[in-house]
Amino acid sequence: MVTSSIIITGCGAGKDSSKVLNVYNVGDYIDEDLIDEFEEKTGIKVQYSTYDTNEMMYQKVKSGSTKYDLIFPSDYMVQKMSSEGLLKKINYNNIPNYKYIDKEFSNPKYDSTNEYSVPYMWGTLGIVYNKDVIKEKIDSWDVLWNPKYKRNILMFDSVRDTMGVALKKLGYSMNTTNQKEIDEAKQLLIKQKELILAYVNDDGKDRMVGNEALIGIFYSGDVPGIISENDSLTYVIPKEGSNEWVDAMCIPKTSDNQDWAEEFINFLCEPKINARNTEYIGYSTPISKGRELLPDEMKNDKSLYPDKKILEKCEAFLDLGPEIKKYDRAWIELKSY
């Protein structure tokens with residue numbers, strides 16, 4: 148992800164400098180040409196800045212130091228921010244293109260009343276491995292604990308993702324707040340530590356492509372790019388299930404330009420625009436009409452659009468409130484072991 152904030156403003160002759168929409172998104176998470184098109188079409192100037200993590204965005208929005216009009220939080224953060232009164236209810240009358248959002252993305256657990264968010268992109272967490280070297284069938288998280296691959300395993304330097312993998316291997320929910328189950332997952336990861344090469348973030352992609360490791364956990368949206376650089380690699384969602392995440396579009400409570408934000412959301416939900424944006428980003432779209440317009444290699448890619456049977460075993464991360472401290476303690480103990 149991009150680490151520094153950037154400001155992008157288009158140069159369309161039709162822009163009205165008095166109409167400014169402040170958009171705050173994860174780095175490299177939109178086709179910037181679409182911003183220019185929106186500005187030309189509407190006369191609304193887009194001031195666009197970026198953040199690294201949901202937590203960074205949350206702190207900035209909560210502080211009120213900058214009044215953003217549109218943000219792109221992940222599922223659990225939508226739940227957290229709406230419960231804390233940090234989001235406005237969306238006026239869907241201003242988003243007629245919402246009709247294109249697939250029904251299975253309506254009323255999700257993180258926004259059960261469907262009032263605060265519009266799905267943007269989605270994907271899964273799974274295993275990337277070198278199929279030219281690893282000839283056995285890979286279909287379980289168990290492989291990440293196989294001594295055969297000692298010092299060839301990459302895990303995320305992320306408490307919810309890595310703890311979630313261990314919990315799924317044990318047959319538990321990724322959202323459990325049961326202390327015994329969390330402790331079991333911690334012990335499992337302590338046992339694994341001698342086998343792994345490293346805990347990684349974005350650097351894991353380059354290390355995997357460069358054959359520094361044989362196997363690791365990755366987000367599905369990173370898979371097409373990884374495989375395009377190393378066709379020995381492939382992706383699988385383990386049979387025990389995994390994380391199915393959704394990033395959404397939301398309007399902060401402090402926004403002064405809700406109508407313009409909803410106009411931008413509506414623009415991004417138009418199937419042709421959505422298809423272009425999805426092709427640029429490389430993740431999965433919640434708009435089937437947009438998916439139909441993607442190149443065949445993308446719309447038919449099982450890593451991006453898994454079978455329903457697999458997705459039924461997946462779950463979204465939820466905001467755990469104060470219970471998250473149980474995970475934080477376990478993570479600190481694991482990392483210091």
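For any residue, its number in this note's numbering is found by taking its place in the sequence shown, counting from 1, and adding 147. The beta carbon of each residue, even a glycine, is placed where N, CA and C say it ideally should be. As the structure is a computational prediction, the values presented were derived from the model and not from experiment.
Looking at the secondary structure, which residues open and close the alpha helix (DSSP H) in which residue 182 lies? 179-189
Same chain only: Cβ atoms within 7 angstroms of residue 433, ignoring 5 sequence neighbours per side: 248, 249, 252, 266, 269
Measuring alpha carbon to alpha carbon, tell me which residue in 167, 188, 172 is nearest residue 497. There is simply no residue 497 to check, as the chain begins at 148 and stops at 484 in what is shown.
Between which two residues does the beta strand (DSSP E) carrying residue 422 extend? From DSSP, residue 422 is part of no beta strand (DSSP E) but of the alpha helix (DSSP H) over 418-428.
Do the region 387-402 and the region 227-244 meet, that is, are 3 or more Cβ pairs less than 8 angstroms apart? Yes, the region 387-402 is in contact with the region 227-244.
Could you tell me the distance, in whole angstroms, from the CA atom of residue 416 to the CA atom of residue 215? Spanning the alpha carbons of residue 416 and residue 215 requires a straight line of approximately 20 angstroms.
Candidates 470, 385, 406, 292: closest to residue 459 by CA position: Minimum Cα distance to residue 459 is reached at 385.
Go ahead and pull the three-state DSSP assignment for residue 459. coil
Taking Cβ to Cβ, would you say residue 276 is nearer than 7 angstroms to residue 362? yes
First and last residue of the uninterrupted beta strand (DSSP E) at residue 268: 265-277
Residue 323 to residue 345, Cα distance in whole Å? Their backbone Cα atoms lie some 26 angstroms apart in a straight line.
Thinking C-beta only, is residue 367 closer than 7 angstroms to residue 451? yes
Please state whether the Cβ-Cβ distance between residue 473 and residue 334 is less than 7 angstroms. no
Quick test of the definition: if touching needs 3 or more C-beta pairs under 8 angstroms, does the region 296-303 touch the region 345-361? yes
Taking 8 angstroms as the threshold, find out whether the region 163-175 comes into contact with the region 191-205 through three or more Cβ pairs. yes
Residues near residue 477 by beta carbon distance below 6 angstroms, same chain, minus five either side: 329, 333
DSSP beta-bridge partners of residue 366: 272
In terms of DSSP beta bridges, what is residue 323 paired with? In the DSSP assignment, residue 323 forms no beta bridge with any residue.
Exposure label - residue 310; buried when at least 16 CB within 10 Å: The residue in question, residue 310, is buried, as its Cβ has 16 or more Cβ neighbours within 10 Å.
Leaving out five residues on either side along the sequence, give the residues of the same chain with a beta carbon under 7 angstroms from the beta carbon of residue 263. 225, 229, 234, 236, 237, 397
Would you report the Cα separation of residue 227 and residue 468, rounded to the nearest angstrom? 8 angstroms
Going by other Cβ atoms of all chains shown within 10 Å of its Cβ, with 16 needed for buried, is residue 257 buried or exposed? buried
Tell me whether residue 222 is buried or exposed, calling it buried when 16 or more other Cβ atoms sit within 10 Å of its Cβ. buried
Residue 220 classed as buried or exposed, judged by whether at least 16 other C-beta atoms fall within 10 angstroms: buried
What does residue 360 pair with, by DSSP beta-bridge criteria? None, per the DSSP bridge assignment.
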